[in-house]
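This report concerns only the one structure given below.
In our numbering, the protein residues as written are 5 to 471.
Right under this line is the structure:
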C-alpha cells in the first residue's frame with residue numbers, strides 16, 4: 005500500500021527518565037490529500053482542458069511583466085477566439101464542443117515554449133502569454149497557432165474544420181499592466197474577426213477609435229431594418245450563351261443616419277458577433293423573394309434571385325422551414341431562389357451541411373457554392389453537395405490576364421464543374437479580356453462591373469425595360 009499517513013508519536017520514559025517506548029497513532033490521509041489536490045487544481049486550472057485558469061493566468065502574467073520590466077524585455081499577449089464556435093454547440097451539442105476544445109488546446113500547447121502560458125478563459129476564448137518575444141516573433145507564433153486550429157478534426161462521427169481569430173498586444177508599447185494589455189488584445193482580436201476571421205491583428209491606436217465605432221454600429225443595427233435604413237441592390241447575372249440577364253444577386257446595403265453608407269464587410273461581422281444576423285438575414289430573404297415575385301407579376305422575365313447565407317443562418321436548425329415559410333408567404337416558386345454559401349461554411353461540418361442541403365434541395369431550392377477555390381471543400385464532399393453551380397471567386401478573375409496561376413485555377417474549376425454536371429458563374433468581371441477568357445473556357449454565366457454595378461430597385465427595373 006503506497007498511501008499517505010499522518011502519524012502522532014508519544015514517547016514513554018521510566019522513573020529514571022530513560023526512553024522505554026513510543027506510542028504511535030497513524031491515520032490514512034490519502035483521500036484527504038487527493039481532495040486537497042483536487043481543490044487546489046480547481047482553484048488554478050480549467051476543469052475541461054487542464055490549462056491554467058484566470059486566477060493562475062493573472063499570477064503568471066504579473067510575474068512575467070515584472071521580469072520583462074526588470075530585464076527591459078518585450079512580452080506579447082495573444083487573445084485567441086474560435087470563429088463560429090457557437091454553431092458547433094448549437095448543431096452538434098456541447099459534448100462535441102467540449103471535445104473540440106480539448107483537442108485543439110492539446111494542439112496549441114505543443115507549439116509553445118516551456119516559459120509560455122496557454123490559458124482558457126472560459127467558453128472558446130484562450131489567452132497565450134509569450135515572454136521575451138518581439139512583435140515579429142509573436143506574429144510567427146500566431147500564424148502557427150491558426151494553422152494548427154484549422155486542421156480537420158474527427159470527433160465521434162463528425163469531421164470538423166474550425167478557424168480562429170487572434171488579437172495581439174505588446175508590452176510595454178500597448179500597456180504596462182495586465183488589464184490594459186488584455187483590453188488591447190481583445191480589441192485587436194475583434195478587428196481580426198471583422199477582417200474575415202482566420203487571421204491575426206496587432207493592437208494599434210486606430211483600433212481604440214474603431215471600438216467606439218463598432219459599438220455605435222452594433223446599436224444602430226438593432227433597429228436598422230425597422231427604420232428603413234437597410235435596402236437591397238441587385239447585380240445582374242449574364243448568360244454567356246446569349247447575353248441575356250438570367251438572374252440577380254441580392255446585395256445588402258445599409259445607409260446609417262449619421263455615418264452614411266456602411267460597407268457590408270464592416271457591418272455583417274458585427275451582426276454575426278452580436279447575434280443580429282438571423283433577424284437581418286430573414287429580412288433579406290423575405291425582401292429578395294418578395295421583390296422577385298413582384299417583378300414577375302409586373303411582366304419581367306422570370307429569373308433567379310441569389311441570396312448569400314451567413315454561417316449562422318446556414319447552421320440554424322430551422323433554416324429550411326423558414327425559407328419555405330417565406331416562399332409560401334410571397335408565393336414565389338422555390339426554383340427561382342438560389343442560396344449561396346461559402347466553401348468554408350459548408351466545410352465546418354460537411355455531414356451536417358449535406359443534411360441541410362438535402363432538405364433545401366428536396367424543396368426545390370437551388371444552392372450555390374460562393375467564393376469557390378478559396379476554402380476547404382474536398383472533391384469527395386463536393387460530389388455529395390446538392391449544388392446547382394459553383395461561383396468562381398473574383399480574386400481569381402482580377403489578375404487573370406497577367407497571372408498564369410489564376411488562369412489555370414479558373415480553367416480547372418470550370419472543367420471540374422462540367423465533370424460534375426454543375427454550372428459555373430464568375431464574379432468580378434470588369435474587362436473584355438477577362439470575359440473573353442471565361443468564354444473560351446466554357447464558363448456559363450458572369451457578373452461584374454463590365455456589365456453592371458449592383459443596382460437599386462428603380463435602376464434595375466429601368467435596365468430590364470431597356471434590355
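Virtual Cβ for every residue (Gly too), placed ideally from N, Cα, C.
- prompt: Rounded to whole angstroms, how far is the Cβ of residue 307 from the Cβ of residue 252, which I believe are closer than 8 Å?
  reply: Taking the chain shown and counting its residues from 1, the one referred to as residue 307 is at position 303. Taking the chain shown and counting its residues from 1, the one referred to as residue 252 is at position 248. Contact flag correct, Cβ pair sits at about 7 Å.
field: Inside the stretch 377-428 only - alpha helix (DSSP H) runs reaching at least 4 residues
entry: 383-386, 398-401, 408-423
field: DSSP three-state assignment for residue 365, whether helix, strand or coil
entry: Reading the chain shown from its first residue, position 361 is the one you call residue 365. Of the three classes helix, strand and coil, the one that applies to residue 365 here is helix, per DSSP.
- prompt: Can you list, in chain order, the residues of its chain whose CB lies under 7 Å from that of residue 2, leaving out five sequence neighbours each side?
  reply: Because the chain in this structure spans residues 5 to 471, residue 2 falls outside the shown range and cannot be described.
query: Rounded to a whole number of angstroms, what is the C-alpha to C-alpha distance between residue 459 and residue 187?
result: Position 455 of the chain shown, counted from the start, is the residue given in the question as residue 459. Position 183 of the chain shown, counted from the start, is the residue given in the question as residue 187. Those two C-alpha atoms are separated by around 41 Å.
- request: Indicate whether the contact test is met: 3 or more Cβ pairs, each with one atom in the stretch 220-238 and one in the stretch 425-442, closer than 8 Å.
  value: no
task: Examine the Cβ distances between the stretch 345-356 and the stretch 272-285 and report whether three or more of them are shorter than 8 Å.
output: no
- request: Following the continuous alpha helix (DSSP H) through residue 194, name the residue where it begins and the one where it ends.
  value: Along the chain shown, read from residue 1 onward, the residue named residue 194 stands at position 190. Counting along the chain, the alpha helix (DSSP H) containing residue 194 begins and ends at 182-198.
- prompt: Where does residue 319 fall in DSSP's three states?
  reply: Here residue 319 refers to the residue found at position 315 of the chain shown. Of the three classes helix, strand and coil, the one that applies to residue 319 here is coil, per DSSP.
- prompt: What does a CB cutoff of less than 7 Å around residue 256 pick up in its chain, not counting 5 residues either side in sequence?
  reply: Sequence index remark: in the chain shown, residue 256 carries index 252 (1-based). Closer than 7 Å at the Cβ level, and outside the excluded window around residue 256, lie 234, 236, 268, 288.
field: Segment limits, beta strand (DSSP E) that includes residue 346
entry: Your numbering for residue 346 matches position 342 in the chain shown. Counting along the chain, the beta strand (DSSP E) containing residue 346 begins and ends at 341-346.
message: Taking the alpha helix (DSSP H) that residue 296 belongs to, which residues open and close that run?
response: Within the chain shown, residue 296 is the residue found at index 292, counting from 1. 281-301 is the span of the alpha helix (DSSP H), which, as asked, contains residue 296.
task: Drop a sphere of 10 angstroms on the beta-carbon of residue 76, count the other beta-carbons inside from all chains shown, and report buried for 16 or more, exposed for fewer.
output: Walking along the chain shown from the start, residue 76 turns up at place 72. Burial call: exposed.
task: Go ahead and label residue 391 buried or exposed: buried means 16 or more other beta carbons lie within 10 angstroms of its beta carbon, across all protein chains shown.
output: To locate residue 391, count along the chain shown from 1; it is residue 387. By the neighbour-count rule (16 or more Cβ atoms within 10 Å), residue 391 is buried.
- prompt: Per the contact definition of three or more C-beta pairs closer than 8 Å, is the stretch 434-441 in contact with the stretch 449-467?
  reply: yes
- request: Would you kindly report the start and end of the unbroken alpha helix (DSSP H) that includes residue 488?
  value: In the structure as shown, the chain starts at 5 and stops at 471, and residue 488 therefore has no counterpart that could be examined.
- prompt: Along the chain, which unbroken stretches of the beta strand (DSSP E) at least 3 residues long are found entirely within the stretch 73-98?
  reply: 79-86
- request: For residue 31, write down the residues that DSSP places opposite it in a beta bridge.
  value: The residue labelled residue 31 in the question sits at position 27 within the chain shown. Paired residue(s): 10.
Proximity to residue 146 [Cα-Cα], best of 421, 156, 470, 133: Residue numbering aside, residue 146 sits at position 142 when the chain shown is read from its first letter. Of the candidates 421, 156, 470, 133, the one whose C-alpha sits nearest the C-alpha of residue 146 is 133.
field: Stretch-stretch touch, CB-based, cutoff 8 Å, three pairs: the stretch 115-131 with the stretch 49-58
entry: yes
query: From 228, 242, 240, pick the residue whose C-alpha is nearest to that of residue 259; which is it?
result: One-based indexing of the chain shown puts residue 259 at position 255. For the residues 228, 242, 240, the minimum Cα distance to residue 259 belongs to 228.
field: From 114, 12, 121, residue whose alpha carbon lies closest to that of residue 64
entry: Within the chain shown, residue 64 is the residue found at index 60, counting from 1. Nearest of 114, 12, 121 to residue 64, Cα basis: 121.
field: residue 445, enclosing alpha helix (DSSP H) - first and last residue
entry: Within the chain shown, the letter at position 441 stands for residue 445. Where residue 445 is concerned, the enclosing alpha helix (DSSP H) stretches over 436-445.
- request: Return yes when the Cβ of residue 150 is within less than 8 Å of the Cβ of residue 202, no when it is not.
  value: Start at 1 with the first residue of the chain shown, and residue 202 comes out as number 198. Start at 1 with the first residue of the chain shown, and residue 150 comes out as number 146. Cβ distance < 8 Å, so residue 202 and residue 150 count as in contact.
- prompt: So the alpha helix (DSSP H) residue 160 belongs to, where does it begin and stop?
  reply: Here residue 160 corresponds to residue number 156 of the chain shown, with the count starting at 1. Segment: none, residue 160 is in no alpha helix (DSSP H) and carries neither H nor E.
message: Check whether the stretch 152-162 and the stretch 92-106 touch, using three or more Cβ-Cβ pairs below 8 Å as the test.
response: yes
- prompt: Would you call the stretch 187-197 and the stretch 161-177 in contact, with 3 or more CB pairs under 8 Å?
  reply: yes
field: Proximity below 8 Å, CB of residue 166 to CB of residue 352
entry: For the purposes of this step, residue 166 is taken as the residue at position 162 of the chain shown. For the purposes of this step, residue 352 is taken as the residue at position 348 of the chain shown. Result yes, Cβ atoms of residue 166 and residue 352 sit closer than 8 Å.
Residue 278, enclosing alpha helix (DSSP H) - first and last residue: The sequence position of residue 278 within the chain shown is 274, counting from 1. Unbroken alpha helix (DSSP H) run through residue 278: 268-278.
field: Whether residue 371 touches residue 342 by CB criterion (8 Å)
entry: Reading the chain shown from its first residue, position 367 is the one you call residue 371. Reading the chain shown from its first residue, position 338 is the one you call residue 342. Result yes, Cβ atoms of residue 371 and residue 342 sit closer than 8 Å.
field: DSSP-derived helix/strand/coil call for residue 172
entry: The residue labelled residue 172 in the question sits at position 168 within the chain shown. The answer is strand: DSSP assigns residue 172 an E or B state.
query: Quick one: complete alpha helix (DSSP H) runs, 4+ long, within the stretch 119-158?
result: 139-153
query: Straight-line CA distance for residue 7 to residue 36?
result: Taking the first residue of the chain shown as 1, we reach residue 7 at position 3. Taking the first residue of the chain shown as 1, we reach residue 36 at position 32. Taking the straight line from one Cα to the other gives about 11 Å.
message: According to DSSP, residue 240 sits in a beta bridge with which residue or residues?
response: Taking the first residue of the chain shown as position 1, residue 240 is located at position 236. The partner list for residue 240 (beta bridge, DSSP) reads 252.
- prompt: What's the C-alpha gap between residue 420 and residue 430?
  reply: Reading the chain shown from its first residue, position 416 is the one you call residue 420. Reading the chain shown from its first residue, position 426 is the one you call residue 430. Just so you know, the alpha carbons of residue 420 and residue 430 end up roughly 14 Å apart.
- request: Take residue 124 as the anchor and find which of 48, 468, 265 has the nearest alpha-carbon.
  value: As a working mapping, residue 124 is identified with position 120 in the chain shown. That would be 48, whose Cα lies nearest to the Cα of residue 124.
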